[in-house]
Amino acid sequence: MIIFIIFSFSFCFLLLSRLIFKFWFNPVAAYTFVWGGMISLYELRLLNYFQLTAQTWFIIVTTYLIFFIGSVTPLLTGRYEPDAGKSINSKGIPIFSDGGKSVGIVLYILAAIGLFGALHSWYTLFKIYGSLFSILLSANDIYTKRTESIIPGMIPYIAAFTYAGLILAGMYTVYKKKLTFVVLVLLLAAVLRDIANFARVGILVSFVLFLSSFFLYKNFTRGKLKLSKFKMAAAFVLVITIIVVSASIVRIFRGSYESYVGASKGLSSFRNN
Numbered sequence: 000m001i002i003f004i005i006f007s008f009s010f011c012f013l014l015l016s017r018l019i020f021k022f023w024f025n026p027v028a029a030y031t032f033v034w035g036g037m038i039s040l041y042e043l044r045l046l047n048y049f050q051l052t053a054q055t056w057f058i059i060v061t062t063y064l065i066f067f068i069g070s071v072t073p074l075l076t077g078r079y080e081p082d083a084g085k086s087i088n089s090k091g092i093p094i095f096s097d098g099g100k101s102v103g104i105v106l107y108i109l110a111a112i113g114l115f116g117a118l119h120s121w122y123t124l125f126k127i128y129g130s131l132f133s134i135l136l137s138a139n140d141i142y143t144k145r146t147e148s149i150i151p152g153m154i155p156y157i158a159a160f161t162y163a164g165l166i167l168a169g170m171y172t173v174y175k176k177k178l179t180f181v182v183l184v185l186l187l188a189a190v191l192r193d194i195a196n197f198a199r200v201g202i203l204v205s206f207v208l209f210l211s212s213f214f215l216y217k218n219f220t221r222g223k224l225k226l227s228k229f230k231m232a233a234a235f236v237l238v239i240t241i242i243v244v245s246a247s248i249v250r251i252f253r254g255s256y257e258s259y260v261g262a263s264k265g266l267s268s269f270r271n272n
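All letters in the sequence shown, in the order written, are residues 0 to 272 by numbering that gives the first Met the number 0.
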C-alpha cells in the first residue's frame, strides 16, 4: 500500500512540476525523482535502513512540501515567468547585469576555498602516510576510515563551497560562452578532494551540479545567448574526460569491488550487472 502511495505522490508532483515550469527538467522533478526513488528502494526492501517512524515521515513530507512551495513561489507571485527567457537581454538575469564581474569574484573566492580544502586534504594524507606511493597503496584504508569517521586533520564540509561554486559555474559558462579558468579550478578542486578521499560520488555530484545549472540557464535564455557548438562540445569533452579519468584513478587504486552497508541481499545480487 505504501509503495503505491509513493508512486502516486511522485507521479502527481512530476506532472504538476511539468505544468508549472513548462519543461520536465526542473528543480521539483529532480527532487521528486531522487527522494521517490530512494524511498521506493527502501520500501521494496532493496535498501536496508532504520525503521522509518511517524516523525521521520513527517519530516520527509514536510521538507518536500517546503521545497516545492519555495520552488513555485516566484511563479505564483509573478516574479518569474517560465517563458521569461524569450525577452531576456544580452546581460541575462540580474546577477550578470555588471557583465558577470560579481559572479566571477564569488567564483574565485569559492574556488580558492575549495582548492585550499583539497590541497589541505592531500597535505594531511602526506603527514600520515609519508609519500604518494604509500597513499595510493593505502587507498582502501583511507576510504574505510573516511566512511567510518573523519580522518584526523582533515577539514569537514569544506567541499560544500566547491558545490556552491559549481552551481554558479554552470550559469557562468553559458553567460561567458566558454569554459573559463575559474570553472576549471572549481572542477579541479572537486576532483582533487574526492581523489584524496578515494571516493567517486563527490565527483559525480560535482558533474551533475555543473551540468544541471548549465542546462537550466541555457533553457532559461531560450537561445538569446548564442553559444558556439564547437566550443561547448570541446568544453564538455574536457569536463567528461576529467570526470572519467579521476573516477578511473580512484577505481584502479581502491579496487573494483564495491560493498555498500545499506544494500540488502536483493540489491547486492545485481552487483555483477
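Beta carbons: idealized from backbone N, C-alpha and C, even for Gly.
- When secondary structure is reduced to three states using DSSP, D140 falls in the helix class.
- For T52, no alpha helix (DSSP H) run applies, since DSSP gives it neither H nor E.
- If you compare the alpha carbons of M170, T61, L237, A189 with that of L215, the shortest gap goes to M170.
- For Y171, the three-state secondary structure derived from DSSP is helix.
- Collapsing the DSSP output to three states places N25 in coil.
- Excluding residues up to 5 positions away in sequence, K144 lie with their Cβ nearer than 6 Å to the Cβ of I150 in the same chain.
- Taking C-beta atoms under 8 Å as the contact rule, L187 and A234 fail to qualify, at a distance of about 15 Å.
- Shown here for I154: same chain residues with a beta carbon closer than 7 Å to its own, the five before and five after excluded, namely G116, H119 in chain order.
- The DSSP-derived three-state label of R199 is coil.
- Closest in C-alpha terms to R199, from the list F209, I248, L208, F8, comes I248.
- Remark: C-beta atoms of V102 and L167 approach each other more closely than 9 Å.
- Under the 8 Å Cβ criterion, the region 16–35 does not count as touching the region 45–55, having fewer than three qualifying pairs.
- Take the alpha-carbon of V71 and the one of T31: they are about 14 Å apart.
- When only Cα atoms are considered, K217 and V173 end up about 6 Å apart.
- A distance below 6 Å between beta-carbons, with the five flanking residues on each side excluded, links F252 to the following residues of its chain, in chain order: L135, A138.
- Excluding the 5 residues flanking it on each side, G35 has same chain C-beta neighbours closer than 7 Å at I5, S9, in chain order.
- At the C-beta level, G164 and V105 come within 9 Å of one another.
- DSSP places D97 outside both helix and strand once states are collapsed to three, so it counts as coil.
- Taking G99 as the centre and dropping the five residues before and after it, the same chain places the C-beta of Y171, Y174, K175 closer than 7 Å to its C-beta, in chain order.
- Linking I2 to K230 through their CA atoms gives a straight-line distance of about 45 Å.
- Judged by beta-carbon spacing, W121 lies within the 9 Å limit of L191, meaning their Cβ atoms are closer than that value.
- Cα atoms of L15 and A195: separation of roughly 41 Å, rounded to the nearest angstrom.
- Between Y128 and L185, the alpha-carbon positions lie close to 26 Å from each other.
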